[in-house]
Structures are given as C-alpha cells and as structure tokens.
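Novice:
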Amino acid sequence: MTLRERISDRSARIGVVGMGYVGLPLAIEFAKAGYRVTGIDVDPKKVAGIGA
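Under the working numbering, the first residue of the sequence shown carries the number 384, and numbering increases by one thereafter.
(1) Which term fits residue 402, buried or exposed, when burial requires 16 or more other beta carbons within 10 angstroms of its beta carbon?
(2) Report the option in 427, 432, 429 and 417 whose CA atom is closest to the CA atom of residue 395.
(3) Please list, in chain order, all residues of the same chain as residue 398 whose beta carbon is under 6 Å from its beta carbon, the five residues on each side excluded.
(4) DSSP three-state label for residue 430, please.
(5) Let me know the secondary structure DSSP gives residue 447 once reduced to three states.
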C-alpha cells in the first residue's frame with residue numbers, strides 16, 4: 384500500500400516530535416481526524432500531563 388493510500392484511508396501512523404505549543408495541538412487534530420498518533424517529548428512532565 385502506498386503512503387498516499389494510507390493517508391486516504393487513515394491507516395497512516397503519524398509521529399510528532401515535541402509536545403509544545405505547536406506539536407500537541409497538531410497531534411490532537413491528527414488523532415481527531417482518525418490517525419494513530421505517537422507524540423514524543425524530552426520533558427517527562429509534558430508527557431505525564433498529557434496522560435500518555
């Protein structure tokens with residue numbers, strides 16, 4: 384399956400590096416759109432605050 388097909392049928396996995404002012408809202412919107420999202424951040428407090 385091509386990347387284009389995976390994006391079209393929402394089976395693509397999305398990775399977001401940094402859960403700050405840009406990364407967190409971006410990850411949330413991708414998740415709302417139906418994608419499986421993995422967010423990564425070096426700050427353990429941010430990760431714990433998200434409830435990951």
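Beta carbons: idealized from backbone N, C-alpha and C, even for Gly.
Since the structure is predicted, the reported quantities are computational estimates derived from the model, not experimental observations.
Specialist: Well, looking at it:
(1) buried
(2) 417
(3) 421
(4) helix
(5) Examination of residue 447 is not possible in this model, given that the chain is present from 384 through 435 alone.
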